[in-house]
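Peer 1: Note that the protein sequences, when read in sequence, are chains A and B. First residue of the first sequence: 117, per my numbering; consecutive thereafter. First residue of the second sequence: -14, per my numbering; consecutive thereafter. All C-beta atoms in this analysis are idealised placements derived from N, C-alpha and C, irrespective of residue type, glycine included. As the structure is a computational prediction, the values presented were derived from the model and not from experiment.
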Amino acid sequence: MGEILLRSEWKGERLELAGYGSWTAPHAGELETLVEGIARETAKAKNISIDMAGVREFDTFGAWLLERLTREGRSAGRETVILGLPAHDRGLLKEMHGVNREAPPKPQRVNSVIGSLAAVGRGGVGLANGFLLFADMLGALGVATARMVLRPREFRLTSTINQLDRVAWQAVPIILLITFLIGAIISQQGIFHFRKFGAELYSVDLVGILVLREIGVLIVAIMVAGRSGSSYTAELGSMKMREEIDALRTMGFDPVEVLILPRIIVLIIALPVLTFLGSMAALYGGGLVAWLYGGISPDIYISRLTEAISLTHFKVGMIKAPFMGLVIGVVACAEGLRVKGSAESLGLQTTKSVVESIFLVIVLDGLFAIFFASIGM
Amino acid sequence: MAEEIVIKVRDLVVGFGAQTVLDHLSLDVRGGEILGLVGGSGSGKSVLLRTIIGLLPKRHGSIEVLGIDLDRVNEQERRALERRWGVLFQQGALFSSLTVRQNVQFPMRENLDISPRLMDEMALAKLEMVGLTPQDADKFPSELSGGMTKRVALARALALDPEIVFLDEPTSGLDPISAGDFDELIRTLQQTLEITVFMVTHDLESLYTACDRIAALADGKVVAEGPIQVMLESEHPWVKTYFQGKRGGMLADRRVSA
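1. Which residues in the same chain as G300 of chain A place their Cβ atom closer than 6 Å to its Cβ, once the five residues preceding and following it in sequence are excluded?
2. Do three or more CB pairs link the region 135 to 148 of chain B to the region 228 to 245 of chain A at distances below 8 Å?
3. Please state whether DSSP places H221 of chain B in a helix, a strand or coil.
4. I'd like to check one pair, M357 of chain A with L462 of chain A: are the Cβ atoms closer than 9 Å?
5. Rounded to the nearest angstrom, how far is the Cβ of L41 of chain B from that of V207 of chain B, given a contact under 8 Å?
6. With a CB to CB cut of under 6 Å and the five nearest residues on each side skipped, what residues in its chain are close to L209 of chain A?
7. Which runs of the alpha helix (DSSP H) fall wholly inside the region 21 to 83 of chain B and span at least 4 residues, in chain order?
8. Can you grab the Cα-Cα spacing for the pair M93 of chain B / R(-5) of chain B, in whole Å?
9. Does the beta carbon of I53 of chain B sit closer than 9 Å to a beta carbon anywhere in chain A?
10. Just curious, the alpha helix (DSSP H) that M253 of chain A is in, first and last residue?
11. Against chain B, with Cβ distances strictly below 9 Å, would R184 of chain A count as a contact?
12. Unbroken beta strand (DSSP E) runs of length 3 or more, entirely within the region 166 to 192 of chain B: which are they?
13. I want to see whether chain A comes within less than 9 Å of Q90 of chain B, judged by CB atoms only; does it?
14. Strictly below 8 Å CB to CB, what residues from chain A border F125 of chain B?
15. Report the residues of the region 171 to 190 of chain B with a CB closer than 8 Å to any CB of chain A, ordered along the chain.
16. Closest to V458 of chain A by C-alpha separation, out of B:Q175, B:D160 and B:E128, would be which residue?
17. Does the distance from the CB of P126 of chain B to the CB of S157 of chain B come in under 9 Å?
18. Suppose the cutoff is 6 Å on Cβ atoms and the five residues either side in sequence are ignored; what does the same chain contact list for L249 of chain A look like?
19. Is there contact between the region 339 to 346 of chain A and the region 355 to 372 of chain A, where contact requires at least three CB pairs shorter than 8 Å?
20. Tell me whether F284 of chain B sits in a helix, a strand or coil according to DSSP, three-state version.
21. List the residues of chain B whose Cβ lies closer than 7 Å to the Cβ of E211 of chain A, in chain order.
22. So with Cβ pairs under 9 Å, would you call A3 of chain B a contact of chain A?
23. Here's the rule I'm using: 16 or more other beta-carbon atoms within 10 Å means buried, otherwise exposed. How should L117 of chain B be labelled?
24. Is the Cβ-Cβ distance between Q75 of chain B and D123 of chain B less than 9 Å?
25. For G145 of chain A, return the contacting residues in chain B, with the cut-off set at a CB-CB distance below 9 Å.
26. Count the other CB atoms within 10 Å of the CB of Y150 of chain A; is the residue buried (16 or more) or exposed (fewer)?
27. Decide if Q90 of chain B is buried, meaning its Cβ has at least 16 other Cβ atoms within 10 Å, or exposed.
28. Using C-beta distances below 8 Å, list every residue in its chain close to L292 of chain A, excluding the 5 sequence neighbours before and after it, in chain order.
29. Thinking just about the alpha-carbon of each residue, which of A:I425, A:M434, A:L375 and A:D415 is nearest to the one in G452 of chain A?
30. Any chance the region 177 to 185 of chain B sits against the region 21 to 32 of chain B, with 3 or more Cβ pairs inside 8 Å?
31. Leaving out five residues before and five after A485 of chain A in sequence, what residues of the same chain have Cβ atoms less than 6 Å from its Cβ?
32. Would L178 of chain B and L73 of chain B qualify as a contact pair, given that the criterion is a beta-carbon distance under 9 Å?
33. Could you tell me the alpha carbon to alpha carbon distance between A284 of chain A and K436 of chain A, rounded to whole angstroms?
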């Protein structure tokens, strides 16, 4: 800073410029302002000379700015000469002389209406592709399952057990904790509001039916989608990025059979088990709160519960669970295989996988509600 | 300038756990030269490079780069020093979510106070210098071939006009023609930009065509150092096998007869 980089002097119609100091990257900003200022001045000049003898350091940034100055001068038909440039810097200037000759491709400007229409169209196509992909994955899964049934020896048991450990066993503590808390909260809210009508005991019905039919399976499905669905997508996505999936394919393995089928089977097994455990934890939490907060003793809670709920409620919840596991698994794996080369795309697909699978789990839950209502369960 | 020592490694020991990779190693890199570092797989070439640029901790010894002892610098001085060197990683290590142009502009954007116009012009200039076209500037790294990735990575390493460029296996994974072009490119750039190049390589061709001096690494030490002639005359068993072996010998014969 404070160093003089460029001086100008008029000799009649001739503009004499002299460079000094360091024409290097750290001074590029300053130098650029000077060069732009001079460029405006040169409009009046017939010819220009640039004396570079005072320049101590010279790099591509300096060389390019010098080239820009002379190029602008020459293109306007003014004679421009460079004096006193050390021999070893001439190569650099020559290199710069050749660059940026071709105008960079202009970004295409699109009409904003057309642009937004195109975005809507692309969104629609994306959505349709998403469904196709989902269907494709389901189909591939069907084929792999059929093959597994025909040749059960080829089923990957070790991989399945390993996944089961990660997806089911290791998820037990967190699932128990969350469902316990949810059960407790439902029970507390029920007691608090039913108390106004003197109907605290009905809070037990509320907890029992809600947990067994809906909340137990939904909370578990959402937890699993966030916990295991995301890790499936990230795992498969990074395998895709490192060409591991292509490697499998070239060795004659079907990635769906080797990687995806065991994972989805594990989810289909894990979800009912976790739902069962989660529902029990929720009922336990509800009972504890009913006792401590609502003064309903465990004996009364249990007898009320046996009256309020039936095996049907339990079945409704448990029937839904494997289907939710299937949806989470298929979405997670399909999104994993959609990952492209960049780290950003891995993050994007993982987010999409979690959002989509939670969305589909809730949609599926709604469809099941209609189905069970119509068959009277 | 020519005889000034820009990288001075003394008595360097680097290891992981019980394993010692570099064992009291000393090496000088002179200003304005291209030094090729060779060694068998796992001999610690990349470890040496990564230790010099500060990515790996050392157990013992000293490293001086551009006359600055890396142990005696504070954060700010270190950053200033890091701006004076550029690194080309083996896999390119381009930022996958940025375009080619943005990758090259990244160091400029962070370190220099220049207008977007100049930044665009400089990025395109650097890309053209490494042999790419303006049309490639808006591609993403995942759309590039191996050779192009290396070129972009080199352009990014050169973004701030560094004084030293570290190249980790610049020609690995390239076909012989591309590798030859790349060697030539390094040579030309080194001459026009007057930089010092520290190159880790496996490529015998590179050693013959691009390097001024070669250092051979074996058993955690530099066992031979000097121009290609010194390598060919070395008595060290590994160096002998490497340069006089089937592949090395063929090249040596060709060179001598040519």
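Peer 2: On the basis of the data shown:
1. Before going on, a small fix: residue 300 of chain A reads as Ala here, not Gly. G401 and V405.
2. no
3. It is coil, neither helix nor strand.
4. Yes; because the gap between Cβ atoms is below 9 Å, this pair is in contact.
5. About 18 Å separates the two Cβ atoms, so there is no contact after all.
6. Result list for L209 of chain A: A179, in chain order.
7. 30 to 37 and 60 to 67
8. 33 Å
9. no
10. S228 to L266
11. yes
12. With a minimum length of 3 residues, the continuous beta strand (DSSP E) runs that stay inside the region 166 to 192 of chain B are 181 to 185.
13. no
14. G457 and S458
15. Cβ contacts with chain A come from Q176, T177, L178 and E179.
16. Checking the sequence shown, residue 458 of chain A turns out to be Ser, not Val. It is B:E128.
17. no
18. A450
19. No: the two stretches stay apart, fewer than three of their Cβ pairs being nearer than 8 Å.
20. Examination of residue 284 of chain B is not possible in this model, given that chain B is present from -14 through 243 alone.
21. M114 and T177
22. no
23. Here L117 of chain B is buried. Its C-beta has 16 or more other C-beta atoms within 10 Å.
24. In this structure, the beta-carbon distance from Q75 of chain B to D123 of chain B does not fall below 9 Å.
25. L97, D98, I99, S100 and L103
26. Before going further, note that residue 150 of chain A is Leu rather than Tyr in the sequence given. Its Cβ being crowded by 16 or more others within 10 Å, L150 of chain A is buried.
27. buried
28. L393, G394 and A397
29. Closest option to G452 of chain A, Cα to Cα, is A:L375.
30. yes
31. none
32. no
33. 17 Å
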